[in-house]
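Data first, discussion second: the structure below is written as structure tokens.
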Amino acid sequence: MGYGVRVEVWGDYALFTRPEMKTERVSYDVMTASAARGILESIYWHPGLKWVIDRIYVLKEIQFTNIRRNEVKSKLSSRNAHTVMNGAKNELAMYTSEEIQQRASLILKDVHYVIEAHFELTDQAGERDSREKFYAIASRRLRNGQCYSQPYFGCREFPVQFRLCEAEDIETAYSNEERDLGFVLYDMDYSNLQDIQPMFVRTVMKNGVIDFSDCEVFR
Amino acid sequence: MILQALTKHYESLAEIGEITELGFSMAKVSYGLHIDMEGTLKGIITLKVSEQRGKKTVLLPRRVKVPEQLKRSSGVAPNFLCDTSSYFLGVDDKGKPKRARECFESAKKLHLNILQDIESEEALAVKNFFESWNPEMAEECEVLQGYLDELVKEGNLIFLIDGTKPAQEAGSLKEAWKQYKKDNGSGLLMQCLVTGEKLPVAKLHPSIKGVKDAQSSGASIVSFNDDAYESFGRHGKKNGQGLNAPVSEYAAFAYGTALNHLIEDRKHMQIVGDSTVVYWAEKAEPVYKDVFLMSLEPKEETENQLKSVFDKVANGYFLDFEGAELNLAVPFYVLGLAPNAARLSVRFFIRDSFGTLLCHLKEHYQRLEIIRPEYDSREYLSVWNLLQETVNKNSREKTPSPVMAGAVLRAILNGGVYPRSLLNAVMMRIRADQDDTDRRIKKITRGRAAIIKAYLMRNSADQLMKEVLTVGLNESSKYLPYVLGRLFSVLEGVQQKASGGNLNSTIKDRYFNSACATPAVIFPVLLKLYNNHIRKVDNTGMRIYFEQSIGELTNLIEMGNNPLPKRLSLEEQGVFILGYYHQTQKRFEGKKKEEK
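Note that the protein sequences, when read in sequence, are chains A and B.
With the first sequence counted from 1, adding 52 to any position gets you the working numbering.
With the second sequence counted from 1, adding 484 to any position gets you the working numbering.
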């Protein structure tokens, strides 16, 4: 490996929605691997690399709070959009005041994690791409606080603050505890775009660290 | 997390035989149809039970274990062995005979289908009934005379074979139903989020009944009834909504049954704000819930018991309570549910060891401890009492802010900081309320002072402030807001003495709020008034006593360039109120001694 990075991320709120409770959202206790991947990808991504999350350190105690938000209950229809693109004179809009719905969320408060990840080269990497180059770019971007899009904790409303973590030892909030968090979403399997499947891992937080490097993925 | 815990609870309930088995649920049944072996309707048997509701005795449907029932909205969908008159008799009072007929036909089809290969006596009786019954005969049927009006109006019916044996209890019919359920599952295998096994996925999740303000027919925790909630092509109409959240049929049944079971237990269910709160220990023994209920909502009768529980909680791993031994390390869960649209939302979910939760409650009560007036004999203020202090007694809706209520309970059980909204709400009530004996409204009550004390103790790090957060009066503290509060109380006492106690409005009514918020503006006025009042106190001893007290208090105010603060922060105002409360209690105490 060798080219792992540690990224410290923190923010006021976070919402890593459980799939079973995504209507009245309830967050997982901790960040999911795919949320961590999303954060890294919004900082640095290139077709020639693929981020792999190894570990997540939970630096602050898990706390919840409630909010209610106004949302809409329907999606814009893609078929409708297609017909408009092809010249039909349909109405292409959603009237939020008619579709409005209030939805409650149980969200995390005051979160702070360290993401430990590495990347692998994909077959799309060009001749001049190398691990060293990607690593140099990624760490420079992390040091400078650069990102392609604002990274967020599960929902766009909850922005992430980040920096490169250069500390050797990371102190977690659960130094002497083992906690079973049950089945947590690991990532989505996009190999068949017609049938995207969720993948889950049995997550156990040991001493405040969740290790994804050696876990069985269920799909 | 939530569903896992509930599923586990279901399993431990099943172990001790407290709960229905897979494929069955409890339903409210009003009448039994007495049929004989040939399937002829012989009579109607009332199954209602009388129950005491306050002063009245009412007849309520009996709760009976029946095959699991469908979620029905408007379509025709029959249930097995337990259904309404439309489905079993083909008559109802909805004024649509055609529809009732259709219902009957569909029920007939379902029963004949499930029972086609079953040859037991009970199965034959039910089959014969459906084959021979003709809905058009209902009006003339002698057996139904006198009952028909009641039957069509309400409730479910079941079959009683020979008038005694409920059909759904018969072994052969049970087996037939289980087999039918098995064959008619979604059949789609997916990784179950709860159990982790590959099992058939539940298309729809069970309804949870009995949550306050939710639909009486039940609402779901897990539902995807609009397309904004669906993801990645898991469209409800095509695949079944449940695919959005792969939960197995077994887990869905188990968590739903367990949750309904918990909510049904009215004694161990609390309403906090707008949330319905249930709690359970992973071990299904009800004694855990009893102890928890006692600590959450202490009553005067149980205070001593509670005290001994709290004493024991701090030391040891076990707790003996009325002969039962409780393990303090047992995981305990508290779940708060609130309705939102047609669904339920989770207000909070707390998981901790039983002992830790009790410890947090104990600490909370310790923080709340404050000197109290003679007539107030309650040692502990329950969460409900606490929240009532934030409610406007004049309003029609006497419910505290729902979000705050949830947050307060969460803070208490987690041992976390109290929400700022609690202090805000209490201070607002103190500002808005005036003493009114007719309506039993008091501006500053024991509860309000206790909340302020507990809030500041838990949430503030100010050392100077901490020294006045005591149960009774701290006479040595020089903390200015506190001293000013005390001073105000004494000034009020002087006025009362001077006037003989018959005033329409006192300085408390007029000046308390502004003295509390902007002392520098008001105290000069108050001290001027004091000079007028003290002259009218005709008892010399009393006058000297007051003059001494005022002197002592003004001495505590350290004179500098600017002795009185222009304004106080909300926390400081809290301390002012605490000072006022402490001093006032002291005044009454003194008065009592005098009388003796």
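Glycine included, each C-beta is placed from N, C-alpha and C at the ideal position.
Excluding residues up to 5 positions away in sequence, Glu605, Leu608, Ala609, Asn612, Ile645 and Asp646 lie with their Cβ nearer than 8 Å to the Cβ of Met521(B) in the same chain. Contact with chain A is absent for Ala945(B), since none of that chain's Cβ atoms lies less than 7 Å from the residue's Cβ.
Pairing Pro551(B) with Gly639(B) gives a Cβ-Cβ distance that is not under 7 Å. Just so you know, the alpha carbons of Trp661(B) and Phe737(B) end up roughly 15 Å apart. Chain-order list of chain B residues neighbouring Asn228(A): empty, with the shortest C-beta distance near 14 Å, by a criterion of under 7 Å. Remark: C-beta atoms of Ala768(B) and Ile529(B) do not approach each other more closely than 7 Å. Per DSSP, Lys102(A) is one residue of the beta strand (DSSP E) stretching across Leu101 to Val110.
Under DSSP, Val830(B) forms a beta bridge with Leu821(B).
Contact annotation: Pro562(B) and Ser590(B) have beta-carbon atoms nearer than 7 Å.
Within 7 Å of the CB of Gln754(B), no CB atom of chain A is found; the nearest one sits about 17 Å away.
The beta carbon of Phe572(B) is closer than 6 Å to those of Leu641 in its chain, skipping five residues each way along the sequence. When 7 Å is used as the limit between beta carbons, Gly90(A) is near no residue of chain B, the shortest such separation being about 15 Å. In the DSSP annotation of this structure, Val560(B) is not part of any beta strand (DSSP E), being labelled neither H nor E. If the five residues before and after Thr135(A) are omitted, its C-beta is found closer than 7 Å to the C-beta atoms of Asn142, all from its own chain and listed in chain order. When the beta-carbon positions are compared, Leu865(B) and Ala889(B) stay at least 7 Å from each other.
Proximity of the region 980–999 of chain B to the region 930–937 of chain B falls short of the contact definition, fewer than three beta-carbon pairs being nearer than 8 Å.
Near chain A, meaning a CB-to-CB distance below 8 Å, the residues of the region 823–839 of chain B are Asn824, Ala825, Arg827, Leu828, Ser829, Val830, Arg831, Phe832 and Phe833. Not flagged as an interface residue toward chain B: Asn244(A), since no C-beta distance is shorter than 7 Å. At a cut-off of 7 Å between beta carbons, Glu76(A) contacts chain B. Where Tyr739(B) is concerned, the enclosing alpha helix (DSSP H) starts and stops at Glu733 to Glu748. When the Cα atoms are used, Ser191(A) and Lys185(A) turn out to be separated by approximately 10 Å. Chain-ordered, the chain A residues with CB closer than 7 Å to the CB of Val731(B) read Glu72.
Proximity of chain B to Gly234(A) at the Cβ level (cut-off 7 Å) is accounted for by Met485 and Gln488, in chain order. Taking 3 residues as the minimum length, the beta strand (DSSP E) runs contained wholly in the region 102–156 of chain A are 116–124, in order along the chain. An exposed status is given to Ser989(B), since fewer than 16 other beta-carbon atoms sit within 10 Å of its beta-carbon. With respect to chain A, the C-beta atom of Gly680(B) has a partner C-beta closer than 7 Å.
Around Arg862(B), the same chain offers Glu784 as residues with beta carbons nearer than 7 Å, after the five sequence neighbours per side are excluded.
What Gln699(B) touches in chain A, judged by beta-carbon distance under 8 Å, is nothing: the nearest beta carbon there is about 14 Å away.
Cβ neighbours of Leu1048(B) within its own chain (closer than 6 Å, five residues either side excluded): Pro1003, Ala1004 and Phe1007. When 9 Å is used as the limit between beta carbons, Leu158(A) is near these residues of chain B: Ser829, Val830, Arg831, Phe832 and Phe833, in chain order. Counting only residues of its own chain and dropping the five nearest sequence neighbours on each side, Ser715(B) has a CB closer than 8 Å to the CB of Asn728. Between the alpha carbons of Leu92(A) and Trp62(A) lies a distance of about 13 Å.
Excluding five sequence positions before and after His745(B), the CB atoms of its chain that fall closer than 7 Å to its own CB belong to Leu497 and Ile503, given in chain order. Gly702(B) places its beta carbon less than 7 Å from that of Ile692(B). The Cβ atoms of Ile105(A) and Ala88(A) sit closer than 7 Å to each other.
Taking a C-beta distance under 7 Å as the contact criterion, Thr840(B) and Ser973(B) do not qualify as a contact pair.
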